[in-house]
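Working notes, beginning with the structure itself.
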Amino acid sequence: MSAVRQGLLLLQWQLRRGSTSMPLLVVVQIAMAVATVIGYGLLVGDPTPDVALYLATGAPTITLITVGLVMTPQMLGQAKIEGSHDWMRTLPVPRWTFLASDLLMWTLIALPGMVLGIVAGVMRFDVQLSIAPWLVGAALLVSLTSASVGYAMASVLPPMLAMLLTQVLVFVVLLFAPVSYPASRMPEWLQTAHEFLPIEPMAQVVRAGLANDAFTVPGRSVVVLGVWCVASVGAALVALRRRA
């Protein structure tokens, strides 16, 4: 059996296994996207056009990031605790196929919330978007990278520690990352830290894809995002093979 077919069968098995919880997860992340738009709208009141554009493009980014960095490690940690994760690793399939099916599943789960987040942002803040032709690829890259980081975190750390760390990441993404506001508003030391973290590049890629005439993506951000994606996938593969 080919590796691609094995991966698709694993994906099918994962989706069927989570048939009761997956719809709820999709609903939760859709609600998060809409609530983020409404909540930030209440905080800023009647924003200027520039602020409104940041808020409208930040909401879908937050959805993509939180699904990967929060939901992915939480569900993987739960699977490790109940033993289903160890059982799946006993299957005679390559470790990279097992990892790829999981990452694909979480990438697909994140996309509906992003779409509704865009719609909610446009309606709430009355902004005009200029969609870039590469937006779909950018969204897939951001979703894959965030899911990879979350998966690697849950693979390397003990389940309870990984799930606790996800609670901290929620506050970081919502309040202390330049997703819905420019990095210039943060202290200089925090700006420097985000130059090496993946959250700001994720926001820049999605923002430029949604408002291509107002924002651009620095080449350095693409490199940082790619490094984080490759490194996190590699870390997850090493953890899976070491604990096989």
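Sequential numbering from -11 applies to the sequence shown in this note's numbering. Note that CB positions come from ideal geometry on N, CA and C, so glycine has one too.
- Taking all protein chains in view, the Cβ of MET148 is surrounded by fewer than 16 other Cβ atoms within 10 Å, so the residue is classified as exposed.
- For LEU(-4) and PRO80, the gap between their C-alpha atoms comes out near 14 Å.
- Between the beta-carbon of THR45 and that of ALA199 there is about 6 Å, and that keeps the pair under the 8 Å contact cut.
- By the neighbour-count criterion, in which a residue is buried when 16 or more other Cβ atoms sit within 10 angstroms of its Cβ, ARG195 is buried.
- Looking from the CA of THR49, the closest CA among VAL211, GLY207 and ALA165 belongs to ALA165.
- When the Cα atoms are used, SER143 and GLY109 turn out to be separated by approximately 34 Å.
- In this structure, TYR139 sits near LEU64, with a CB-CB distance shorter than 8 Å.
- Here the stretch 128 to 135 makes contact with the stretch 172 to 192; the two share three or more CB pairs at distances below 8 Å.
- Contact between LEU104 and VAL14 does not hold, since the beta-carbon distance rounds to 10 Å and is not under 8 Å.
- Non-local beta-carbon contacts of GLN62 in its own chain, meaning distances under 7 Å to residues more than five positions away in sequence, involve MET151 and THR154 in chain order.
- If you check the CB distance, SER168 and ILE53 do not come in under 8 Å.
- Of the candidates PRO11, LEU43, PRO37 and THR36, the residue whose Cα lies closest to the Cα of ILE26 is LEU43.
- In terms of Cβ geometry, LEU213 and VAL193 form a close pair [threshold 8 Å].
- A direct Cα-Cα distance of roughly 22 Å separates ALA98 from VAL205.
- If you check the CB distance, LEU228 and LEU87 come in under 8 Å.
- When C-alpha distances from ALA47 are compared across VAL124, PHE203 and MET20, the shortest belongs to MET20.
- In the three-state reduction of the DSSP assignment, ALA199 falls in the strand class.
- Residue pairing by DSSP leaves SER89 without any beta bridge partner.
- Less than 8 Å separates the beta-carbon of VAL221 from that of SER136.
- ASP90 counts as buried, since at least 16 other C-beta atoms from the protein chains shown sit within 10 angstroms of its C-beta.
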